[in-house]
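There are 2 protein chains.
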Amino acid sequence: MATRGTNLPRLGDFNQRAVLDAIRRHPEGISRVELGQLTGLTGQTISNITRRLLDDAVVGEGRRITAGRGKPRTLLQIRPERWHAVGVHIDPAQLTVLSLDLSGRVRARLTDPTPDVPDPEAVVRQIATLATEAVADVEPGSVLGLGVAAPGPIDADGGRLHRPPQLPGWQDVALRTDLHRATGWPVLLDKDVTAAVTGEHWSPEGTRGDFLYLYLGSGIAAGAVVNGAVHRGRTNNAGEVGEILTTRRPTSGDPRQHGKLHSTVMPGPLVRRARAAGLLDPRGESEVPAAFAELCRLADTGDRRAVRLLRTAATDLSVGAATLLNFLDLDTVVVGGPAWPPLERHQLPVLAATLPRLMVAHQQVQVRGSRLAADGAAQGAAALVLEHFLAPRASGLLME
Amino acid sequence: MATRGTNLPRLGDFNQRAVLDAIRRHPEGISRVELGQLTGLTGQTISNITRRLLDDAVVGEGRRITAGRGKPRTLLQIRPERWHAVGVHIDPAQLTVLSLDLSGRVRARLTDPTPDVPDPEAVVRQIATLATEAVADVEPGSVLGLGVAAPGPIDADGGRLHRPPQLPGWQDVALRTDLHRATGWPVLLDKDVTAAVTGEHWSPEGTRGDFLYLYLGSGIAAGAVVNGAVHRGRTNNAGEVGEILTTRRPTSGDPRQHGKLHSTVMPGPLVRRARAAGLLDPRGESEVPAAFAELCRLADTGDRRAVRLLRTAATDLSVGAATLLNFLDLDTVVVGGPAWPPLERHQLPVLAATLPRLMVAHQQVQVRGSRLAADGAAQGAAALVLEHFLAPRASGLLME
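One line per chain: the protein sequences are A and B, in this order.
Position one of the first sequence corresponds to residue 52 (this note's numbering), numbered consecutively onward.
Position one of the second sequence corresponds to residue 52 (this note's numbering), numbered consecutively onward.
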């Protein structure tokens with residue numbers, strides 16, 4: 052494939068996104084001059100783009116400020132109420148549905164356990180109900196659409212899940228079409244980890260610059276922002292890291308799974324280890340999410356074996372993270388996903404202490420827990436919808 | 052950091068590079084209309100850019116063709132003689148110095164063993180001599196500069212090698228300044244694997260589109276072209292993959308090195324294994340490169356144990372490659388580097404058979420040996436110099 056050039060229409064989209072992004076990140080208001088400084092664009096370009104955004108009522112003019120002897124500057128502010136999007140995250144353990152306004156603020160957030168019995172049709176109905184509820188108090192015409200984050204692999208072009216290992220029993224589900232029919236909104240489908248990276252990249256509470264993102268849910272995945280853009284991969288299925296080998300020795304369970312990242316740091320394997328060690332009732336039959344919560348509570352109360360179990364898993368996670376950091380030459384790691392919040396207290400210090408020692412070219416590495424916690428993927432899915440309409444072709448994902 | 056917009060001057064650079072690239076890839080000539088189709092640029096933009104390139108004598112007008120009843124079209128061709136660059140690859144075993152013309156053709160190629168005794172000053176003199184020889188028959192004013200590919204980690208800003216593990220005894224060598232003084236040319240320094248990826252991406256004999264690149268030299272590294280651009284990393288040190296764990300069990304040697312990619316697939320460890328197995332004289336004291344060549348010759352003659360040793364190493368290499376392919380969601384792997392040519396015959400079929408089974412989201416994966424063979428890094432280093440002058444800011448690397 053030849054390198055393609057960039058014509059003005061595509062350039063316009065790109066620049067409009069950069070300007071809108073800068074305005075959104077300054078809820079207190081930002082002047083046109085400051086926008087020029089931040090984005091590197093000329094005054095004329097800034098003026099054209101902001102006029103268009105004002106015409107569309109996406110931004111509004113706020114107060115005027117006079118600094119020194121210069122001309123007074125009018126501050127531009129995002130109009131958060133102008134547009135909304137709904138974000139859905141189908142985690143095997145929990146459905147999260149939330150509405151996001153244009154500023155990136157979460158307006159409403161609802162969760163429900165994901166049904167155990169595989170029943171995609173029921174889940175679609177459940178999502179439609181929750182989504183309607185999530186935007187019950189906003190102007191109906193302001194809802195741009197619904198973004199869905201689901202476990203991979205996804206068929207991004209067809210808007211389908213073929214046979215996601217994390218959702219056993221889901222076979223060839225046309226999620227995008229089904230949700231479009233059920234809600235009437237435009238619908239977009241993305242992989243959970245990519246949506247979570249998008250959320251972290253997009254949210255005012257997220258992370259600026261390039262970073263590696265470790266996603267801990269029922270499965271493990273990783274994503275990255277590289278050269279300022281979320282890495283998506285050839286088929287939008289980037290992020291499969293569960294097969295990365297760790298230093299862990301085989302102990303029990305399926306021998307083929309041993310020593311791999313997905314068999315050491317996820318809730319399921321952690322619960323199995325805790326049961327095998329007698330930390331949790333070995334004959335316990337409670338669901339993994341409840342048993343995992345119990346294990347984390349034990350660690351919170353200072354149970355040394357529980358703490359050691361979680362810290363050891365964090366060492367394994369460090370090996371996986373270092374593999375990717377050394378390859379990409381990045382210096383920032385963000386950890387998030389549904390399973391992360393109860394682990395953060397026990398695992399973040401281990402990651403921060405272990406990772407610098409595993410770096411090859413440089414020892415500098417910053418580790419942080421995502422401030423979006425378990426909501427990154429749902430926020431990212433909603434953000435993708437906002438971007439799709441405000442800056443066409445931002446992600447390249449198709450909409451139903 | 053805010054997302055920055057793109058002003059016209061930057062856009063111009065980008066588009067000029069796209070056009071020049073398309074012309075270069077059509078040595079038989081290409082019309083302006085075809086350039087527009089290939090790059091997606093408007094006729095006016097193509098016309099402006101090609102006029103500039105004609106004025107600079109970087110391209111020339113060739114024959115006119117008349118197709119159907121349309122207006123005759125004049126074909127544009129690169130003028131290969133207009134500019135040259137010298138590329139140097141400092142591999143711990145061998146120095147490669149070559150000259151490249153604007154078409155990407157190698158004009159002259161010289162190699163020398165890298166001295167065993169660490170003596171960076173002598174190497175600088177040696178490179179200067181070889182480089183002068185490599186452009187002895189071209190117009191002196193047409194040499195744009197010299198690009199150097201060296202083992203990492205590199206200090207790209209300072210143009211220095213601090214303490215490269217692959218070049219023991221080299222401490223804080225100001226390679227860029229020293230070579231600039233020794234040759235009088237502008238000099239640019241890049242990491243070996245990144246230069247090799249650049250060579251593969253840039254050369255008419257290379258690989259189009261996105262790909263993962265496995266670099267086999269005295270050390271192992273990996274790089275990638277992602278979204279059409281060579282991935283460089285935050286400090287230009289992307290590509291460290293030697294620490295990736297493989298399924299190999301510890302057998303001998305330094306126990307801390309066991310099971311890691313750099314201890315299983317590189318010439319040094321392969322020679323140690325071959326000696327331990329009695330395949331090569333266990334008390335052999337020949338240098339690794341000679342012993343490695345002997346091992347490959349043994350395999351070429353059909354020695355089953357030698358073949359098995361190389362094939363097993365290829366299985367390990369597949370595990371490392373799969374780790375990166377699954378994370379990035381790419382479907383093309385190119386293997387190259389100084390150690391690759393004698394291995395290709397034995398390892399390529401193993402990689403091609405093993406990799407699809409290790410893919411998580413999709414089974415499609417194409418594996419090929421680089422047609423640039425051992426010369427990728429030297430060609431890439433020269434290509435970086437050409438790009439630096441013809442399309443400023445292409446790599447972001449600094450020049451002395």
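Every residue, glycine too, gets a C-beta built ideally from N, C-alpha and C.
Legend entry - Any chain B beta carbon closer than 8 Å to P131 (chain A): One-based indexing of the first sequence puts residue 131 (chain A) at position 80. Not an interface residue.
Legend entry - Test: H282 (chain B) CB closer than 8 Å to a CB of chain A: Numbered from 1 along the second sequence, position 231 holds the residue referred to as residue 282 (chain B). Nearest CB-CB separation between H282 (chain B) and chain A: below the 8 Å threshold.
Legend entry - Inter-residue Cα distance where the pair is G290 (chain B) and P204 (chain B): Numbered from 1 along the second sequence, position 239 holds the residue referred to as residue 290 (chain B). Numbered from 1 along the second sequence, position 153 holds the residue referred to as residue 204 (chain B). About 10 Å.
Inset, instruction - Could you work out which residues of chain B lie near A144 (chain A), taking near to mean beta carbons separated by less than 9 Å? - result: Translated into positions along the first sequence, residue 144 (chain A) becomes position 93. What A144 (chain A) touches in chain B, judged by beta-carbon distance under 9 Å, is nothing: the nearest beta carbon there is about 21 Å away.
Legend entry - A173 (chain B) burial status per 10 Å Cβ neighbour count (16 or more: buried): The residue you call residue 173 (chain B) lines up with position 122 of the second sequence. That one is exposed.
Inset, instruction - Return no unless some Cβ of chain B is closer than 8 Å to the Cβ of D64 (chain A). - result: Along the first sequence, one-based indexing puts residue 64 (chain A) at 13. No, its Cβ sits nowhere closer than 8 Å to a Cβ of chain B.
Legend entry - V281 (chain A) versus R176 (chain B): straight-line alpha-carbon distance, rounded: If you number the first sequence from 1, residue 281 (chain A) lands on position 230. If you number the second sequence from 1, residue 176 (chain B) lands on position 125. Taking the straight line from one Cα to the other gives about 45 Å.
Legend entry - Test: D241 (chain A) CB closer than 8 Å to a CB of chain B: Here residue 241 (chain A) refers to the residue found at position 190 of the first sequence. Not one chain B Cβ lies under 8 Å of D241 (chain A).
Legend entry - Residue nearest to L368 (chain B) in terms of C-alpha spacing, selected from B:T383, B:R356 and B:L399: Position 317 of the second sequence, counted from the start, is the residue given in the question as residue 368 (chain B). Selected option, being the one with the closest Cα: B:L399.
Inset, instruction - Identify the continuous beta strand (DSSP E) that holds P400 (chain A) and give its terminal residues. - result: As a first step, residue 400 (chain A) must be located in the first sequence, where it is residue number 349. No beta strand (DSSP E) holds P400 (chain A); the alpha helix (DSSP H) holding it covers W391 to L409.
Legend entry - Beta-carbon gap between G335 (chain A) and H313 (chain A) smaller than 8 Å: Counted from its first residue, the first sequence places residue 335 (chain A) at position 284. Counted from its first residue, the first sequence places residue 313 (chain A) at position 262. Between G335 (chain A) and H313 (chain A), the CB-CB gap reaches or exceeds 8 Å.
Inset, instruction - Grab me the residues of V148 (chain A)'s own chain with a C-beta within less than 6 Å of its C-beta, minus the 5 sequence neighbours each way, in chain order. - result: Within the first sequence, residue 148 (chain A) is the residue found at index 97, counting from 1. For V148 (chain A), where only same-chain residues beyond five positions count, the Cβ hits under 6 Å are V139, L161, L181, A182 and A185.
Inset, instruction - Select from B:D188, B:K122 and B:M450 the residue whose C-alpha is nearest the C-alpha of S150 (chain B). - result: Working through the second sequence from its first residue, we reach residue 150 (chain B) at position 99. Looking at the Cα atoms, B:D188 is the closest of the given residues.
Legend entry - C-beta atoms of A275 (chain A) and Y266 (chain A) nearer than 8 Å: Position 224 of the first sequence, counted from the first residue, corresponds to residue 275 (chain A). Position 215 of the first sequence, counted from the first residue, corresponds to residue 266 (chain A). Going by C-beta atoms, A275 (chain A) is not nearer than 8 Å to Y266 (chain A).
Legend entry - Proximity to Q414 (chain B) [Cα-Cα], best of B:L104, B:L376 and B:R211: Translated into positions along the second sequence, residue 414 (chain B) becomes position 363. It is B:L376.
Legend entry - Closer than 8 Å at the beta carbon, the chain B residues around P204 (chain A): If you number the first sequence from 1, residue 204 (chain A) lands on position 153. Against chain B, the beta carbon of P204 (chain A) has neighbours under 8 Å at V411, A412 and H413, listed in chain order.
Inset, instruction - Establish whether the CB of G268 (chain B) and some CB of chain A are separated by less than 8 Å. - result: On the second sequence, residue 268 (chain B) is found 217 positions in, with the first residue counted as 1. It does not: the Cβ of G268 (chain B) has no partner Cβ on chain A nearer than 8 Å.
Inset, instruction - Give the C-beta separation of G431 (chain A) and A246 (chain A) to the nearest angstrom, bearing in mind that I take them to be a contact with Cβ-Cβ under 8 Å. - result: Taking the first sequence and counting its residues from 1, the one referred to as residue 431 (chain A) is at position 380. Taking the first sequence and counting its residues from 1, the one referred to as residue 246 (chain A) is at position 195. Sure, about 4 Å apart at Cβ, within 8 Å.
Legend entry - Ranges of the alpha helix (DSSP H) found wholly within the stretch 89-165 of chain B, counting only runs of at least 4: Entirely contained in the stretch 89-165 of chain B, the alpha helix (DSSP H) runs reaching 4 residues are, in chain order, 94-106.
Inset, instruction - Could you tell me how far apart the beta carbons of V199 (chain A) and R211 (chain A) are, in whole angstroms, since I believe they sit closer than 8 Å? - result: Counting from 1 along the first sequence, the entry for residue 199 (chain A) is found at position 148. Counting from 1 along the first sequence, the entry for residue 211 (chain A) is found at position 160. Your pair V199 (chain A) and R211 (chain A) does not check out as a contact, with CB atoms roughly 11 Å apart and the cut at 8 Å.
Legend entry - Status (buried if at least 16 other CB within 10 Å, exposed otherwise) for S337 (chain B): If you number the second sequence from 1, residue 337 (chain B) lands on position 286. Under this definition S337 (chain B) is an exposed residue.
Legend entry - Element boundaries [alpha helix (DSSP H), containing R348 (chain B)]: Counting from one through the second sequence, the residue named residue 348 (chain B) turns up at place 297. Start and end: V339 to D351.
Inset, instruction - Take L218 (chain B) as the anchor and find which of B:T286, B:P202, B:A372 and B:P392 has the nearest alpha-carbon. - result: As a position in the second sequence, residue 218 (chain B) is number 167, starting the count at 1. Closest option to L218 (chain B), Cα to Cα, is B:P202.
Legend entry - Residue from B:A179, B:G279 and B:P237 with nearest C-alpha to G192 (chain B): Residue 192 (chain B) sits at position 141 when you count from the first residue of the second sequence. Put simply, of B:A179, B:G279 and B:P237 the residue whose alpha carbon is nearest the alpha carbon of G192 (chain B) is B:P237.
Inset, instruction - Verify the CB distance criterion: does E438 (chain B) have a CB-CB separation below 8 Å to chain A? - result: The sequence position of residue 438 (chain B) within the second sequence is 387, counting from 1. The beta-carbon of E438 (chain B) is placed no less than 8 Å from the nearest beta-carbon of chain A.
Inset, instruction - Going by CA-CA distance only, name the one from B:P123, B:W391, B:V244 and B:R355 that's closest to A428 (chain B). - result: In the second sequence, residue 428 (chain B) corresponds to position 377, counting from 1. Residue nearest to A428 (chain B) within the set B:P123, B:W391, B:V244 and B:R355 is B:V244 (criterion: CA-CA distance).
Inset, instruction - State the start and end residues of the unbroken beta strand (DSSP E) segment that holds V224 (chain B). - result: Walking along the second sequence from the start, residue 224 (chain B) turns up at place 173. Per DSSP, V224 (chain B) is not a residue of any beta strand (DSSP E), being assigned neither H nor E.
Legend entry - D170 (chain A) (DSSP reduced to helix, strand or coil): Position 119 of the first sequence, counting from 1, holds the residue named residue 170 (chain A). In the structure shown, D170 (chain A) sits in coil (DSSP, three-state: anything other than H, G, I, E or B).
Inset, instruction - Kindly indicate which residue of B:R83, B:T315, B:L409 and B:I141 has the alpha-carbon position closest to the one of P215 (chain B). - result: By one-based count along the second sequence, residue 215 (chain B) stands at place 164. Nearest C-alpha to P215 (chain B): B:I141.
Legend entry - Cβ shell of E251 (chain B) (< 7 Å), same chain only, five flanking positions each side left out: As a first step, residue 251 (chain B) is located in the second sequence; it is residue number 200 there, counting from the start. G257, T258, Y264, V385, G387, S421, L423 and G427.
Inset, instruction - Counting only the same chain and skipping the five closest in sequence on each side, list residues whose C-beta sits under 6 Å from that of P318 (chain A). - result: To locate residue 318 (chain A), count along the first sequence from 1; it is residue 267. The residues are V339, F343 and A390.
Inset, instruction - State the Cα-Cα distance for the pair D72 (chain A) and R114 (chain A), rounded to the nearest angstrom. - result: Indexing the first sequence from 1 puts residue 72 (chain A) at position 21. Indexing the first sequence from 1 puts residue 114 (chain A) at position 63. The straight-line gap from Cα to Cα measures roughly 20 Å.
Legend entry - chain B within 8 Å of F378 (chain A), Cβ atoms only: Taking the first residue of the first sequence as 1, we reach residue 378 (chain A) at position 327. Cβ-Cβ to chain B under 8 Å: yes for F378 (chain A).
Inset, instruction - Tell me whether D351 (chain B) is buried or exposed, calling it buried when 16 or more other Cβ atoms sit within 10 Å of its Cβ. - result: If you number the second sequence from 1, residue 351 (chain B) lands on position 300. With fewer than 16 Cβ atoms within 10 Å of its Cβ, D351 (chain B) is classed as exposed.
Inset, instruction - Compute the Euclidean distance between the alpha carbons of L330 (chain B) and R323 (chain B), then round it to the nearest angstrom. - result: Counting from 1 along the second sequence, the entry for residue 330 (chain B) is found at position 279. Counting from 1 along the second sequence, the entry for residue 323 (chain B) is found at position 272. So the two alpha carbons sit approximately 10 Å from each other.
Legend entry - Alpha carbon of N66 (chain B) to alpha carbon of V436 (chain B), nearest angstrom: Taking the second sequence and counting its residues from 1, one reaches residue 66 (chain B) at position 15. Taking the second sequence and counting its residues from 1, one reaches residue 436 (chain B) at position 385. The C-alpha of V436 (chain B) is placed about 18 Å away from the C-alpha of N66 (chain B).
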